[in-house]
Amino acid sequence: MSAKTLVCLHGFGVRGYFWEIIVPHLQTHYQRVLTPDLQMDTLETLLANGRDIVEHAHGEEGAPVAVVGHSLGAVVGALTARDLGPGIVDRAVLIAPPFGERAEVPGPLVRFLLAHKLIPDFVTRPRFFTKHTPLDIQKSIFSRAVDESAELQSLLFTERRFHTDLFDGPLSVPSLIIASDADRIVPARESRAFAERINASLTVYPRHRNIGHDDLTCSPTIAAEVSQRIMEFDHNDR
Numbered sequence: 001m002s003a004k005t006l007v008c009l010h011g012f013g014v015r016g017y018f019w020e021i022i023v024p025h026l027q028t029h030y031q032r033v034l035t036p037d038l039q040m041d042t043l044e045t046l047l048a049n050g051r052d053i054v055e056h057a058h059g060e061e062g063a064p065v066a067v068v069g070h071s072l073g074a075v076v077g078a079l080t081a082r083d084l085g086p087g088i089v090d091r092a093v094l095i096a097p098p099f100g101e102r103a104e105v106p107g108p109l110v111r112f113l114l115a116h117k118l119i120p121d122f123v124t125r126p127r128f129f130t131k132h133t134p135l136d137i138q139k140s141i142f143s144r145a146v147d148e149s150a151e152l153q154s155l156l157f158t159e160r161r162f163h164t165d166l167f168d169g170p171l172s173v174p175s176l177i178i179a180s181d182a183d184r185i186v187p188a189r190e191s192r193a194f195a196e197r198i199n200a201s202l203t204v205y206p207r208h209r210n211i212g213h214d215d216l217t218c219s220p221t222i223a224a225e226v227s228q229r230i231m232e233f234d235h236n237d238r
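Printed below as a string of structure tokens:
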């Protein structure tokens, strides 16, 4: 083990509780696993808070820390690693990160329904989860969902991901991207493109595994696999 501390950065619409299923697995590899609630009032506050949290963890530890992020949190993690560098960030693991151009964006009707929470959870949940995640866990995650600000919601409707042009080459720290070809929220082609741009190691679960966007961290069985891959990256891919 290199870094003793792992900082977990959640994505859109959730908070630190999002990591509760995978944390016990991660704790077999790290002495300290932090799952902070990010400040998500605006994009600026989100990115600044991510950097502050990682810097503070580094100061407490007195050594570089590892960072893992999921979805939008993976973008925060990548930008944090880019800005702080290897003196503070030991490595970055990015789970299902978006990147590049979207194939399609929600139309006006879907935007209205999403903004006013008129789409029932039982309709939305299957886009995030598959049967890999028990229904009680799915419902628990959704029951604690957070209404994000209008500014952050607008990120859902842009054709080009906001951070795409902020990366022009490899990160200065070792990086790993984990994605799934069955992800219905962030297509794996976007994560592949991001991995190519920043020269990250890449693990993509094939479509026949049917692993959804949130299964990667919230399914007990898949979370164990993802945690194992993170451990392998720590020991073998560096």
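Residue 104 in our numbering is what sits at position 104 of the sequence shown, and the numbering runs on without skipping anything. We put the CB at the ideal spot given by N, CA and C, even for glycine. For clarity, every value in this text was computed on a predicted model and none was experimentally measured.
Report the CB separation of residue i from residue j in whole angstroms; it is logged as a contact under 8 Å.
i	j	result
LEU171	ILE198	5 Å
ALA75	ALA3	The identity of residue 75 in the sequence shown is Val, whereas the question assumes Ala. Actually they are not in contact, since the Cβ atoms of VAL75 and ALA3 sit about 20 Å apart, beyond 8 Å.
VAL23	VAL67	About 15 Å; that fails the 8 Å criterion.
PHE18	ILE141	7 Å
GLY11	PRO36	Not confirmed; about 13 Å, so no contact.
SER154	THR42	Wrong, their Cβ atoms sit about 11 Å apart, outside the cutoff.
Using CA coordinates, which residue listed in the options is at the minimum distance from residue i?
i	options	result
GLY100	SER201, ASN210, PRO187 and PHE142	PRO187
ALA48	VAL68, PRO24, LEU79 and HIS29	LEU79
ARG102	ARG160, THR130, HIS132 and SER2	ARG160
ILE185	LEU34, ALA200, PHE157 and THR28	PHE157
ASP165	ASP183, ARG189, ALA193 and GLU148	ALA193
MET231	ALA92, ASP183, SER143 and HIS163	ALA92
Looking only at its chain, what residues have a beta carbon closer than 6 Å to the beta carbon of residue i, apart from the 5 residues adjacent to it on each side?
i	result
LEU202	ILE177 and ALA195
ALA145	GLY13
Given residue i, which residues of its chain have a CB within under 7 Å of its CB, disregarding the five upstream and five downstream residues?
i	result
LEU118	Note that LEU118 has pLDDT 44, beneath the 50 cutoff, so the model's placement of it is unreliable and the number below is only indicative. There are no such residues.
ARG229	ILE178 and THR203
HIS116	At HIS116 the pLDDT is 49, less than 50, meaning the model places this residue with poor confidence and gives no usable figure here.
GLN27	VAL33
ALA57	THR5, VAL7, LEU34 and VAL65
Between residue i and residue j, is the Cβ-Cβ spacing less than 8 Å?
i	j	result
LEU9	GLY69	yes
GLY62	PHE128	no
ILE222	ILE137	no
MET40	LEU135	no
ASP90	VAL173	yes
Closest Cβ-Cβ distance between residue i and chain C: below 8 Å?
i	result
ALA223	Reference to chain C is not applicable here, since this structure consists of a single protein chain.
Once the 5 residues before and after residue i are set aside, which same chain residues still bring their CB inside 8 Å of it?
i	result
ASP83	ARG51
GLU55	LEU84 and ILE88
Kindly confirm or deny that the stretch 200-219 and the stretch 88-96 touch, where touching means at least three C-beta pairs closer than 8 Å.
They touch, by the three-pair rule.
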